[in-house]
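Chains as they are written, first to last, in my numbering: chain X, 2 to 160; chain A, 2 to 160.
By construction, the Cβ of each residue, glycine as well, lies at the ideal position given by its N, Cα and C atoms.
Reading through the structure tokens given below for one structure.
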DNA sequence: TTAAGTGCAAACCGTTTGCACATAC
DNA sequence: GTATGTGCAAACGGTTTGCACTTAA
């Protein structure tokens with residue numbers, strides 16, 4: 002976790018008047034110690050690696066705090082559970098391209114597309130709020146290696 | 002429901018070897034008798050207006066058949082339930098702009114955006130599959146009239 | 001006649017919440 | 001000391017499913 006992120010998290014705790022608990026520390030380190038997208042369940046696992054006492058309830062409660070402050074972005078990728086994106090506050094305008102084979106997620110930005118969307122919205126009588134683009138396709142790994150690099154990205158289990 | 006749609010539904014039933022039941026008829030008429038997006042629950046209500054014997058289970062089972070055949074498009078609009086789009090098979094490349102105030106959904110297409118997305122995907126090493134764009138904003142109704150036209154679009158209740 | 005379809009109620013599963021206990025301040 | 005935070009288990013809500021009954025073909 003870089004220094005800037007650490008500082009942002011400190012500010013977050015202070016401004017909201019939140020207590021520094023061991024569980025919150027473990028969850029924050031887990032969430033922002035990666036640039037990968039994760040689910041509530043994988044975050045629980047990662048946080049428990051740091052502090053086994055972390056409960057599922059606290060993970061969900063902390064996720065709610067982080068998303069409403071904008072430190073995490075909630076993603077709806079068509080699965081029946083949510084993903085969380087720890088890169089959003091640094092790159093608020095990025096979009097996602099997702100591999101259908103291995104669920105690998107790559108981020109991109111495009112001023113051109115944003116401009117076009119803005120024009121279309123205006124023509125349709127809308128004041129634009131947010132834009133979300135999700136491209137699905139196939140990454141090169143399957144073709145090249147016969148298997149994607151990330152086949153294990155989505156399995157989940159309870160404890 | 003126009004003649005072309007009717008024909009498509011006939012083909013759908015025949016090709017899948019599905020029986021023509023009163024309940025299916027009611028659900029199909031409800032689903033394709035509108036160009037609006039709907040939820041499973043609103044479809045249940047609409048189908049029951051035609052045949053009160055329709056059950057929630059049959060609605061869900063029929064929705065599964067229609068989406069896997071491509072006659073309906075399942076939409077994930079960030080709510081905790083799914084929307085279904087009956088216009089998709091006629092306009093497979095359209096996207097959505099949604100009013101944050103009233104949940105009004107307007108559809109649009111853009112070859113330019115598709116082209117840009119295609120280029121970006123290629124650069125990132127992806128073979129493009131599908132593209133999904135969701136713009137959120139505010140429609141003009143609230144500003145003009147002080148209220149959106151569609152405030153009742155999303156409430157749901159069980160029976 | 002009989003396999004496909006249906007309604008009902010229970011199960012499912014990710015997420016939320018009430019409550020009693022623990023703890024940061 | 002006390003309000004905030006926590007773990008646990010139960011509740012929640014949209015969706016799915018097992019089962020016995022119905023019905024189209």
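Considering only residues of the same chain and omitting the five flanking positions on each side of residue 31 (chain X), which have a CB-CB separation below 7 Å?
Numbered from 1 along the first chain, position 30 holds the residue referred to as residue 31 (chain X). Excluding sequence neighbours, residue 31 (chain X) sits near 44, 47, 48, 51.
Taking the beta carbon of residue 141 (chain A) as the centre, do at least 16 other beta carbons fall within 10 Å, making it buried, or is it exposed?
As a working mapping, residue 141 (chain A) is identified with position 140 in the second chain. Residue 141 (chain A) should be labelled exposed.
Is residue 82 (chain A) helix, strand or coil by DSSP?
Numbered from 1 along the second chain, position 81 holds the residue referred to as residue 82 (chain A). The answer is coil: DSSP assigns residue 82 (chain A) none of H, G, I, E or B.
I'd like to know if the segment 122 to 137 of chain X and the segment 115 to 132 of chain A are in contact, where contact means that at least 3 CB-CB pairs between them fall below 8 Å.
Output reads yes: the segment 115 to 132 of chain A touches the segment 122 to 137 of chain X.
For the alpha helix (DSSP H) containing residue 7 (chain A), name the first residue and the last one.
For this step, residue 7 (chain A) is matched to residue 6 along the second chain. Unbroken alpha helix (DSSP H) run through residue 7 (chain A): 4 to 16.
Would you mind telling me which residues of chain X sit closer than 7 Å to residue 103 (chain A), beta carbon to beta carbon, in chain order?
Residue 103 (chain A) sits at position 102 when you count from the first residue of the second chain. Here the premise fails: no neighbours, minimum Cβ distance about 11 Å.
What are the boundary residues of the beta strand (DSSP E) that includes residue 107 (chain X)?
Here residue 107 (chain X) refers to the residue found at position 106 when the first chain is read from its first residue. Start and end: 106 to 109.
Could you list the residues in the segment 74 to 91 of chain X with a C-beta less than 7 Å from some C-beta on chain A, going in chain order?
The segment 74 to 91 of chain X vs chain A, Cβ under 7 Å: 77, 79.
Could you tell me the alpha carbon to alpha carbon distance between residue 161 (chain X) and residue 86 (chain X), rounded to whole angstroms?
No answer is possible for residue 161 (chain X): the residues shown for chain X start at 2 and end at 160.
Could you pull out every residue in the same chain whose Cβ sits closer than 6 Å to the Cβ of residue 59 (chain A), ignoring the five residues on either side in sequence?
As a first step, residue 59 (chain A) must be located in the second chain, where it is residue number 58. Hits under 6 Å: 24.
Between residue 125 (chain X) and chain A, is the shortest Cβ-Cβ distance under 9 Å, so that the two count as touching?
Within the first chain, the letter at position 124 stands for residue 125 (chain X). Yes, residue 125 (chain X) lies at the interface with chain A (some Cβ there is under 9 Å from its Cβ).
For the segment 25 to 111 of chain X, which segments carrying the alpha helix (DSSP H) assignment without a break, of at least 4 residues, lie completely within its bounds, in sequence order?
Segments of the alpha helix (DSSP H) lying fully in the segment 25 to 111 of chain X: 41 to 51, 57 to 70.
What residue range is occupied by the uninterrupted beta strand (DSSP E) comprising residue 130 (chain X)?
Start at 1 with the first residue of the first chain, and residue 130 (chain X) comes out as number 129. Start and end: 127 to 140.
So, using beta-carbon positions, are residue 10 (chain A) and residue 72 (chain A) closer together than 9 Å?
Here residue 10 (chain A) refers to the residue found at position 9 when the second chain is read from its first residue. Here residue 72 (chain A) refers to the residue found at position 71 when the second chain is read from its first residue. Against a cut-off of 9 Å, the Cβ pair of residue 72 (chain A) and residue 10 (chain A) comes out as a contact.
When we look at the beta-carbon of residue 5 (chain A) and count the other beta-carbons within 10 Å, is it buried (16 or more) or exposed?
The sequence position of residue 5 (chain A) within the second chain is 4, counting from 1. It is exposed - the Cβ of residue 5 (chain A) has fewer than 16 other Cβ atoms within 10 Å.
At 7 Å on the CB atoms, spell out the chain A contacts of residue 7 (chain X), in chain order.
As a working note, residue 7 (chain X) is residue 6 in the first chain. Those within 7 Å of residue 7 (chain X) in chain A number zero; the least Cβ separation is about 30 Å.
Is the shortest distance between the beta-carbon of residue 128 (chain X) and the beta-carbons of chain A less than 9 Å?
Stepping through the first chain from its first residue, residue 128 (chain X) is reached at position 127. Taking Cβ atoms only, chain A reaches closer than 9 Å to residue 128 (chain X), which makes this a yes.
With H, G and I counted as helix, E and B as strand and the rest as coil, what does DSSP make of residue 19 (chain A)?
Residue 19 (chain A) sits at position 18 when you count from the first residue of the second chain. It is coil, neither helix nor strand.
Counting only the same chain and skipping the five closest in sequence on each side, list residues whose C-beta sits under 8 Å from that of residue 83 (chain X).
Taking the first chain and counting its residues from 1, one reaches residue 83 (chain X) at position 82. Excluding sequence neighbours, residue 83 (chain X) sits near 40, 41, 75, 76, 77.
Checking 9 Å against the spacing of the C-beta atoms, do residue 28 (chain X) and residue 70 (chain X) come in under that value?
Residue mapping note: residue 28 (chain X) aligns to position 27 of the first chain, counting from 1. Residue mapping note: residue 70 (chain X) aligns to position 69 of the first chain, counting from 1. No, the pair does not count as a contact, with Cβ atoms beyond the cut-off.
Residue 137 (chain X) CB to nearest chain A CB: under 9 Å?
Residue 137 (chain X) sits at position 136 when you count from the first residue of the first chain. Judged by the 9 Å Cβ criterion, residue 137 (chain X) is in contact with chain A.
Among residues of its own chain, excluding the 5 on either side of residue 61 (chain X), which ones have a beta-carbon nearer than 7 Å to its beta-carbon?
As a working mapping, residue 61 (chain X) is identified with position 60 in the first chain. Excluding residues within five positions, the ones whose Cβ falls inside 7 Å are 41.
Note down the Cα distance separating residue 111 (chain A) from residue 67 (chain X), rounded to an integer number of angstroms.
Position 110 of the second chain, counted from the start, is the residue given in the question as residue 111 (chain A). Position 66 of the first chain, counted from the start, is the residue given in the question as residue 67 (chain X). Between residue 111 (chain A) and residue 67 (chain X), the C-alpha separation is close to 35 Å.
Confirm, please, whether the CB-CB distance from residue 95 (chain A) to residue 88 (chain A) is below 9 Å.
Walking along the second chain from the start, residue 88 (chain A) turns up at place 87. Walking along the second chain from the start, residue 95 (chain A) turns up at place 94. Against a cut-off of 9 Å, the Cβ pair of residue 95 (chain A) and residue 88 (chain A) comes out as a contact.
Let me see if you follow: with CB-CB separation under 9 Å, is residue 132 (chain X) close to chain A or not?
Walking along the first chain from the start, residue 132 (chain X) turns up at place 131. Closer than 9 Å: yes.
Can you grab the Cα-Cα spacing for the pair residue 104 (chain A) / residue 53 (chain X), in whole Å?
Start at 1 with the first residue of the second chain, and residue 104 (chain A) comes out as number 103. Start at 1 with the first residue of the first chain, and residue 53 (chain X) comes out as number 52. Rounded to whole angstroms, residue 104 (chain A) to residue 53 (chain X) spans 42 Å at the Cα level.
Using a Cβ cut-off of 9 Å, pull out every chain X residue sitting near residue 106 (chain A), in sequence order please.
If you number the second chain from 1, residue 106 (chain A) lands on position 105. By Cβ distance, chain X contributes nothing, its closest Cβ being about 11 Å from residue 106 (chain A), past 9 Å.
For residue 56 (chain A), return the contacting residues in chain X, with the cut-off set at a CB-CB distance below 7 Å.
Within the second chain, residue 56 (chain A) is the residue found at index 55, counting from 1. Near residue 56 (chain A) there are no residues of chain X at all, since even the closest Cβ is about 22 Å away, more than 7 Å.
Determine whether the Cβ of residue 141 (chain A) lies closer than 9 Å to any Cβ atom of chain X.
Taking the first residue of the second chain as position 1, residue 141 (chain A) is located at position 140. Yes, its Cβ sits closer than 9 Å to a Cβ of chain X.
Does chain A have any CB closer than 9 Å to the CB of residue 118 (chain X)?
On the first chain, position 117 is the one that residue 118 (chain X) refers to. Residue 118 (chain X) counts as touching chain A.
Taking only beta-carbon atoms, is residue 98 (chain A) less than 9 Å away from chain X?
Position 97 of the second chain holds residue 98 (chain A). Yes, its Cβ sits closer than 9 Å to a Cβ of chain X.
As a quick exercise: from X:93, X:65, X:35, pick the residue whose alpha carbon is nearest that of residue 131 (chain X).
As a position in the first chain, residue 131 (chain X) is number 130, starting the count at 1. For the residues X:93, X:65, X:35, the minimum Cα distance to residue 131 (chain X) belongs to X:93.
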